[in-house]
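In this text, residue positions in the sequence shown follow our numbering: the first is -3, and each later residue adds one.
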Amino acid sequence: MEYIFVYGSLRKGFWNHKHYLKNSKFIGKGKTKEKYAMYADIIPYVVENEKISHIVGEVYEVDKKTLERIDYLEGHPNYYFRKKVPIVLETGKEIKAWMYFYPEPYGVLVKSGDYKDYMGDRRV
-3 MEYIFVYGSL RKGFWNHKHY LKNSKFIGKG KTKEKYAMYA DIIPYVVENE KISHIVGEVY
57 EVDKKTLERI DYLEGHPNYY FRKKVPIVLE TGKEIKAWMY FYPEPYGVLV KSGDYKDYMG
117 DRRV
(Lines of atoms letter the chains of each structure in order from A and count residues from 1; the text may use other names and numbers.)
(Lines give C-alpha, C1' and ligand atoms only; values in the text may rest on other atoms or scores of the structure.)
Protein backbone atom coordinates (compact mmCIF):
# COMPACT_ATOMS: atom_id res chain seq x y z
CA MET A 1 0.00 0.00 0.00
CA GLU A 2 1.08 3.54 -0.77
CA TYR A 3 -0.05 7.01 0.28
CA ILE A 4 -1.11 9.41 -2.45
CA PHE A 5 -1.78 13.14 -2.05
CA VAL A 6 -4.46 14.47 -4.41
CA TYR A 7 -5.16 18.16 -4.93
CA GLY A 8 -7.40 18.37 -8.02
CA SER A 9 -10.06 16.29 -9.75
CA LEU A 10 -9.35 13.25 -7.54
CA ARG A 11 -10.49 15.05 -4.35
CA LYS A 12 -13.91 14.36 -2.85
CA GLY A 13 -16.58 16.31 -4.67
CA PHE A 14 -14.70 16.37 -8.00
CA TRP A 15 -15.36 14.34 -11.13
CA ASN A 16 -12.52 11.75 -10.94
CA HIS A 17 -12.87 10.88 -7.26
CA LYS A 18 -15.61 8.26 -7.58
CA HIS A 19 -13.92 6.55 -10.55
CA TYR A 20 -10.50 6.19 -8.94
CA LEU A 21 -10.61 6.55 -5.15
CA LYS A 22 -14.07 5.49 -3.95
CA ASN A 23 -12.71 2.17 -2.63
CA SER A 24 -9.47 3.59 -1.18
CA LYS A 25 -8.95 4.44 2.47
CA PHE A 26 -9.21 8.17 3.20
CA ILE A 27 -6.36 9.13 5.54
CA GLY A 28 -7.16 12.81 5.95
CA LYS A 29 -7.02 16.34 4.64
CA GLY A 30 -3.68 18.05 4.59
CA LYS A 31 -1.24 20.30 2.81
CA THR A 32 2.29 20.05 1.53
CA LYS A 33 5.02 20.79 4.04
CA GLU A 34 6.95 22.67 1.36
CA LYS A 35 5.63 25.48 -0.79
CA TYR A 36 5.00 24.99 -4.50
CA ALA A 37 2.96 26.84 -7.13
CA MET A 38 -0.45 25.77 -8.40
CA TYR A 39 -1.69 26.90 -11.76
CA ALA A 40 -4.98 25.91 -13.35
CA ASP A 41 -6.63 25.80 -16.74
CA ILE A 42 -9.69 23.66 -15.98
CA ILE A 43 -7.35 21.13 -14.33
CA PRO A 44 -4.58 22.03 -11.86
CA TYR A 45 -0.86 22.02 -12.57
CA VAL A 46 1.53 22.08 -9.61
CA VAL A 47 5.14 23.01 -10.33
CA GLU A 48 7.87 22.27 -7.87
CA ASN A 49 10.40 24.97 -8.78
CA GLU A 50 8.25 27.93 -7.65
CA LYS A 51 7.64 28.49 -3.93
CA ILE A 52 4.28 30.31 -3.68
CA SER A 53 2.02 28.42 -1.26
CA HIS A 54 1.33 25.13 0.47
CA ILE A 55 -0.82 22.91 -1.73
CA VAL A 56 -4.12 21.82 -0.16
CA GLY A 57 -5.46 18.31 -0.71
CA GLU A 58 -6.32 14.88 0.63
CA VAL A 59 -4.33 11.75 1.38
CA TYR A 60 -5.49 8.24 0.49
CA GLU A 61 -4.00 4.82 0.99
CA VAL A 62 -4.02 3.04 -2.36
CA ASP A 63 -3.03 -0.36 -3.64
CA LYS A 64 -0.63 -0.90 -6.54
CA LYS A 65 -3.43 -1.32 -9.10
CA THR A 66 -5.09 1.97 -8.08
CA LEU A 67 -1.76 3.80 -8.21
CA GLU A 68 -1.15 2.41 -11.71
CA ARG A 69 -4.63 3.56 -12.84
CA ILE A 70 -3.95 7.06 -11.47
CA ASP A 71 -0.51 7.09 -13.13
CA TYR A 72 -2.29 6.40 -16.42
CA LEU A 73 -4.83 9.17 -15.77
CA GLU A 74 -2.05 11.64 -14.96
CA GLY A 75 0.15 10.55 -17.86
CA HIS A 76 3.04 9.66 -15.53
CA PRO A 77 5.91 10.01 -16.33
CA ASN A 78 5.44 11.77 -19.69
CA TYR A 79 2.87 14.45 -18.78
CA TYR A 80 2.83 14.75 -15.00
CA PHE A 81 5.48 13.06 -12.90
CA ARG A 82 5.07 11.82 -9.37
CA LYS A 83 7.39 12.30 -6.45
CA LYS A 84 7.18 11.50 -2.74
CA VAL A 85 6.87 14.63 -0.63
CA PRO A 86 6.13 15.38 3.04
CA ILE A 87 2.47 16.13 3.76
CA VAL A 88 1.18 17.63 7.01
CA LEU A 89 -2.25 16.25 7.89
CA GLU A 90 -4.86 18.35 9.72
CA THR A 91 -4.01 16.38 12.85
CA GLY A 92 -0.43 17.68 12.66
CA LYS A 93 0.98 14.28 11.76
CA GLU A 94 3.51 14.33 8.93
CA ILE A 95 3.66 11.56 6.33
CA LYS A 96 5.31 11.02 2.94
CA ALA A 97 2.96 10.61 -0.01
CA TRP A 98 3.15 10.48 -3.78
CA MET A 99 2.24 13.77 -5.43
CA TYR A 100 1.96 14.67 -9.12
CA PHE A 101 3.88 17.61 -10.56
CA TYR A 102 3.80 19.33 -13.94
CA PRO A 103 7.15 20.37 -15.45
CA GLU A 104 6.26 24.04 -16.09
CA PRO A 105 3.63 26.68 -15.19
CA TYR A 106 0.44 26.48 -17.22
CA GLY A 107 -2.76 28.49 -16.82
CA VAL A 108 -3.54 31.02 -14.12
CA LEU A 109 -1.83 31.09 -10.74
CA VAL A 110 -3.97 29.82 -7.83
CA LYS A 111 -2.29 31.81 -5.05
CA SER A 112 -4.01 29.93 -2.21
CA GLY A 113 -2.79 26.51 -3.40
CA ASP A 114 -6.37 25.22 -3.10
CA TYR A 115 -8.00 24.03 -6.33
CA LYS A 116 -11.45 24.64 -4.79
CA ASP A 117 -10.70 28.38 -4.87
CA TYR A 118 -10.22 28.14 -8.63
CA MET A 119 -13.19 25.87 -9.34
CA GLY A 120 -15.74 27.42 -6.99
CA ASP A 121 -19.16 25.86 -7.63
CA ARG A 122 -18.06 24.03 -10.79
CA ARG A 123 -16.72 21.02 -8.89
CA VAL A 124 -18.86 18.14 -10.11
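For every residue, glycine included, the Cβ atom is placed at its ideal position computed from N, Cα and C.
Quantities reported herein were computed from a predicted structural model and do not represent experimental measurements.
Considering only C-alpha positions, which residue in the set Pro82, His50, Pro99 and Pro73 is nearest to aspartate 110?
-> His50
Check whether the Cβ atoms of alanine 36 and glycine 103 lie closer than 8 Å to each other.
-> yes
How big is the Cα-Cα spacing for lysine 60 and methionine -3?
-> 7 Å
Secondary structure at isoleucine 66, three-state DSSP: helix, strand or coil?
-> helix
Grouping DSSP H, G and I as helix and E and B as strand, with all else coil, what is aspartate 110?
-> coil
When DSSP labels each residue in this structure, what does histidine 50 get in the three-state scheme?
-> strand
From which residue to which residue does the beta strand (DSSP E) around lysine 14 run?
-> Element bounds for lysine 14: not the beta strand (DSSP E) but the alpha helix (DSSP H), 13 to 16.
Regarding glycine 26 and the ligand MG, is the C-beta to nearest heavy atom distance less than 7 Å?
-> Among the ligands in the structure shown, none appear at all, so the ligand MG cannot be discussed.
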